[in-house]
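Only one structure is covered here, and it is reproduced in the block below.
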Amino acid sequence: MSLTQLAAGKYLIDWRDSLGKRHRKKVSGSKKYAQEVELIVKQKRENEILSRKIVKITFNELADYYGRAHSGQTRAAQWTINLLKAHFGSMQMHHITGGHLQHYYNNLLQTHKSATCNRYFAVLGAIINYAIRQDKWNGRNPCLAVHKKTEKPVQLATWSEQELNALLKGAQPGIRQVVLCAYHSGMSRSEIFALHWENVDMKEGYIHILTSPSGKPRLVPMSKRLKKVFIDMGPKPSGPVVQITLRAFECAFKRLKAKKKLSHLKFRDLRHTFATNFRMRNGDLAALQGLLGHTSLRMTNRYAHINPE
């Protein structure tokens, strides 16, 4: 909770309740009066939360509910969810405390890098937050109480145009189209495979992203090169844009990299490549945030060091 002075005699109370929901309230008067209001509103909200009857539901049930709503997940995300389900099993959610999760996190650190542990807990937090938003669970998110280790800064990897051309030379059309779509649009793999022709406006040159990691829809304008990729795919009135399954693509993509001796290339780096190229051409971080679908400019600021000149 924080108390910020906006102007003479005006204060902003900003806090998060035990469910992780953010609250803001403006107060006029002295600082002492604002502090008294701060305590009252916080206590009132916490009493409301404590008076609610806690729903009895297991973590497995929440994870399955999340999985059905996010069916376009990557294999890595599915693997992480299965790992969490194997550990927490049929535990009731109200038995999973912050102390329990901190112990689990500390044990993970013995065999995993801090970045890996943080990714596991990002998925865990997303499952519980989704359940809270959908009224499947009315307790607090215990992940908020976990102290995570700071990750070492990692330089974002990108593909060069030479690497792109070398990999795609002689590649199957389906593999080539998916890679080029990511390279020219910045869309994630899950977004590409969830895309349907009903959401591709070839006339106006826009892609309507309805399913994204942030949960918010967005528009992605087509460049001339990206539009050519979709023309090569053969636009249809409806149906999925990509004709191969995600599993088949991953296997074929891995074989192609090994054959071309480019195993160091990772598909997720195509998103970084698009962002880097856009930043060098345009320099507008706000526009890049919209194209990538970031919920905050903080994530987009990873590309702020790139000088457009």
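Numbering (my numbering) for the sequence shown: 745 to 1053.
Even for Gly, the Cβ is constructed at its ideal location relative to N, Cα and C.
If you're wondering where the values come from, they're calculated on a predicted model, not measured in any experiment.
Requested in this report: Spell out a yes or no on whether the stretch 859-872 and the stretch 882-889 are touching, meaning 3 or more CB-CB pairs, one atom from each, closer than 8 Å.
Outcome: With three or more CB-CB distances shorter than 8 Å, the stretch 859-872 counts as touching the stretch 882-889.
Requested in this report: Could you say if the stretch 775-785 and the stretch 846-865 meet the contact criterion of at least three C-beta pairs nearer than 8 Å?
Outcome: Between the stretch 775-785 and the stretch 846-865, the count of C-beta pairs closer than 8 Å stays below three; the two stretches do not touch.
Query raised in the report: Short check: CB of residue 918 to CB of residue 988, under 7 Å?
Result: Yes, the pair counts as a contact, with Cβ atoms nearer than the cut-off.
Query raised in the report: With a cut-off of 8 Å, do at least 3 Cβ pairs link the stretch 900-914 to the stretch 837-849?
Result: By the Cβ rule, the stretch 900-914 does not count as touching the stretch 837-849, because fewer than three pairs are nearer than 8 Å.
Report task. Return the CA-CA distance between residue 1045 and residue 1007, expressed in angstroms with no decimal places. Result -> One C-alpha to the other measures close to 28 Å.
Query raised in the report: For the 8 Å Cβ check, are there 3 or more pairs between the stretch 924-932 and the stretch 1013-1032?
Result: Contact between the stretch 924-932 and the stretch 1013-1032 is present: 3 or more CB-CB pairs across the two stretches fall below 8 Å.
Report task. State the DSSP-derived secondary structure class of residue 747, mapped to helix, strand or coil. Result -> Here residue 747 sits in strand by DSSP.
Query raised in the report: If we call anything under 7 Å between Cβ atoms a contact, is residue 925 one with residue 964?
Result: Taking a C-beta distance under 7 Å as the contact criterion, residue 925 and residue 964 do not qualify as a contact pair.
Query raised in the report: How many Å lie between residue 831 and residue 871 at the Cα?
Result: Distance between residue 831 and residue 871, taken at the CA atoms: about 15 Å.
Report task. With DSSP as the reference, please indicate the residues paired to residue 801 in a beta bridge. Result -> BP columns for residue 801 are empty, so no partner.
**Report entry** Contact set for residue 970: own chain, Cβ-Cβ below 6 Å, skip 5 residues either direction
**Finding:** Here the set comprises 928 and 929.
**Report entry** Selected residue, minimal CA-CA separation from residue 880, among 891, 773 and 836
**Finding:** Checked all of 891, 773 and 836; the closest Cα to residue 880 is 836.
Query raised in the report: Could you give the distance in angstroms between the alpha-carbon of residue 1047 and the alpha-carbon of residue 914?
Result: When rounded, the distance between both Cα atoms is 32 Å.
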